[in-house]
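Asker: My questions will all concern the structure given below.
Numbering (my numbering), first residue to last: 16 to 586.
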């Protein structure tokens, strides 16, 4: 009988798997980035490598299953592709000197912020619970042999969701990295790349403006509403600046949430889509990247495709045939992904007419007040920038990004109304370019202009800073206690990997986020947001929790109480 491999040795072999996969991701990413962003290929290496290597893992896993063998096969494929590209064109890593401090600061800042959202302290898992269970439930479920994935929060149903961002983290987890590293490392690297690309975009349009790119980055990432000043009026300056008040009443009246916290920190899947758009804005020949995007972030694919189509229709009618050919490749690449995402997905049937998105009323006055509260200074400065900027190209970019925002003021496209927010993000990016120029124009109007520009800048980032402060202030609260972690560790080690659990459908449960088990019915918002019928499973879930079998098509169901060992019901 062969001796068993010690656990530490197996762990070491697994870590080598993840290290090889990371090396292959960076090698192929650098080779692709040398063609997409040659002067600063190092900045785009990881996100581009992530796009390519995740697709390699997916294709290898369809043939071999999602396991160490498919990860090694995908890594080998990526390294071979990187070598082939290197032979065709020798390259070296490059980054412009002025970008090095920004890249380092961004890397350190995002490392600290992301660590605050997920870290261990006194044997508890502490951080920010918002959507923690959703994202980590997908990652651990994939790593737990749920591939091709069923919905981990609605067991038995296909998972019609753009899950490739999570598949990348699941690959690192399966390859031996701890969940914390597998989850946070991609976010940190991608977000740091995004900040540097924002700088390059502003420099492209405003090459002689040395400060403006930093202003643009700040007002885009730390954007806020007028909620901070409403709090001052209601409660006074001391109360208003208590960050815990920020979360209490900003929704739905103040619905345009800060990009830095809401999109880059809490909604992890959006960042890669923004990066692809930035690369396209820097050079339209990068449009082929859209073809890789739907399984990473569907909304970014739709918005990026809409931008290119609108730009061609508005400003390049003589080149319309050439632009159509340019879009043919990403459209063909995206077609099977779109078919998968839309197949049996009732979320696509939720489109409905509604003026003004989440404004209090659907009349012009209510809509005007709503958008003034949310984007007042941005709209004013954006209009000023539009009429004073000398670079017509930035105007064209803004106008081509505008149509989805207009449509999102006419229709709700998602089951959950707030999710329409995603249709405004790219428009807001273009608005911030113009608003930054508007601020610069005001600044140059003698002393009064400088005072006004500083005041407007502070207004624009005030509640964004409050949101970030709130996040950091609450980041040391337990998501899971040491006892809950031990319970879910026992479940991970002693129940079948494909076990389905009946739980109280809340957003905080380590059974799916740490143990990686599917649940019969998860948190209501996560179920309804994906077009699934939450009500249809409530009765069955309650019967299971009471220890009774229910005709659900499952052979068995596991149930568990607080800190109890789970029991299995045979059906």
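Yeah, the Cβ is synthetic: ideal placement off N, Cα and C, and Gly gets one too.
#1: Under a three-way DSSP split, which group does residue 226 fall into?
#2: Going by the beta-carbon positions, is the gap between residue 569 and residue 556 smaller than 8 Å?
#3: Which class does residue 158 belong to by DSSP, given the choice of helix, strand or coil?
#4: Just the C-alpha distance for residue 436 and residue 360, rounded to the nearest angstrom, thanks.
#5: Can you list, in chain order, the residues of its chain whose CB lies under 6 Å from that of residue 477, leaving out five sequence neighbours each side?
#6: Thinking residue 215 and residue 297 are a contact (beta carbons under 8 Å), I'd like their distance in whole angstroms, please.
#7: Give the DSSP bridge partners of residue 542, in chain order.
#8: In the DSSP assignment, what are the bridge partners of residue 574?
#9: Could you check what DSSP says for residue 312 in three-state terms: helix, strand or coil?
#10: Is the Cβ-Cβ distance between residue 538 and residue 581 less than 8 Å?
#11: Helix or strand or just coil, what does DSSP make of residue 61?
#12: Return the CA-CA distance between residue 329 and residue 414, expressed in angstroms with no decimal places.
#13: From 572, 105, 411, 281, pick the residue whose C-alpha is nearest to that of residue 133; which is it?
#14: Should residue 41 and residue 177 be called a contact, given that it needs their Cβ atoms to be closer than 8 Å?
#15: Could you name the residues of the same chain whose beta carbon sits closer than 7 Å to that of residue 420, not counting the 5 residues immediately before and after it, in chain order?
#16: For residue 390, which residues in the same chain have their Cβ closer than 7 Å to its Cβ, ignoring the five residues on either side in sequence?
#17: Tell me the residue span of the beta strand (DSSP E) that contains residue 495.
#18: For residue 101, does the three-state DSSP call read helix, strand or coil?
#19: Using a Cβ-Cβ cutoff of less than 8 Å, which residues in the same chain neighbour residue 564 once the five nearest sequence positions on both sides are dropped?
#20: Do you know whose CA, among 74, 105, 102, lies nearest residue 90's CA?
#21: How big is the Cα-Cα spacing for residue 111 and residue 219?
#22: Give me whichever residues DSSP pairs with residue 134 in a beta bridge.
#23: In angstroms with no decimal places, state the Cα-to-Cα distance between residue 202 and residue 466.
#24: Quick check: does the Cβ of residue 30 come within less than 7 Å of any heavy atom belonging to the ligand PLP?
#25: Could you tell me the alpha carbon to alpha carbon distance between residue 551 and residue 444, rounded to whole angstroms?
#26: Enumerate, from N- to C-terminal direction, the unbroken alpha helix (DSSP H) stretches of 4 or more residues contained entirely within the segment 143 to 216.
#27: Does DSSP put residue 404 in a helix, in a strand, or in coil?
#28: Only counting the same chain, and skipping five residues up and downstream in sequence, which positions put a Cβ closer than 6 Å to that of residue 69?
#29: So, helix, strand or coil for residue 367, using DSSP?
#30: Grab me the residues of residue 121's own chain with a C-beta within less than 6 Å of its C-beta, minus the 5 sequence neighbours each way, in chain order.
#31: Taking the alpha helix (DSSP H) that residue 238 belongs to, which residues open and close that run?
#32: Assign residue 263 to buried or exposed, taking buried as 16 or more other Cβ atoms, counted over all protein chains shown, within 10 Å of its Cβ.
#33: I need the DSSP call for residue 285, collapsed to helix, strand or coil.
#34: In the DSSP output, which residue or residues are listed as bridge partners for residue 427?
#35: Can the beta-carbon of residue 144 be found less than 8 Å from the beta-carbon of residue 494?
#36: By the 10 Å Cβ neighbour count, where 16 or more other Cβ atoms means buried, how is residue 587 classified, buried or exposed?
Answerer: So, from the data block:
#1: Coil, per DSSP.
#2: The criterion of a C-beta distance shorter than 8 Å is not satisfied by residue 569 and residue 556.
#3: helix
#4: 20 Å
#5: 239, 243
#6: 6 Å
#7: Beta-bridge pairing by DSSP links residue 542 to no other residue.
#8: 517, 582
#9: In the three-state reduction of the DSSP assignment, residue 312 falls in the coil class, being assigned neither a helical nor a strand state.
#10: no
#11: helix
#12: 9 Å
#13: 281
#14: At a Cβ-Cβ threshold of 8 Å, residue 41 and residue 177 do not count as neighbours.
#15: 438, 439, 442
#16: Contacts found: 271.
#17: 493 to 495
#18: helix
#19: 558, 572, 584, 585, 586
#20: 74
#21: For residue 111 and residue 219, the gap between their C-alpha atoms comes out near 14 Å.
#22: 141
#23: 37 Å
#24: Ligands are entirely absent from the displayed structure, and the ligand PLP is therefore not among its contents.
#25: Residue 551 and residue 444 have their alpha carbons spaced roughly 40 Å apart.
#26: 147 to 158, 179 to 189
#27: coil
#28: 179, 182, 183
#29: strand
#30: 207, 210
#31: Segment: none, residue 238 is in no alpha helix (DSSP H) and carries neither H nor E.
#32: The predicted position of residue 263 is uncertain, since its pLDDT is 40 and thus under 50; no value can be drawn from it.
#33: helix
#34: Under DSSP, residue 427 takes part in a beta bridge, and its partners are 367.
#35: Yes. Within cutoff.
#36: An answer regarding residue 587 cannot be provided, because it is not within the stretch 16 to 586 covered by the chain.
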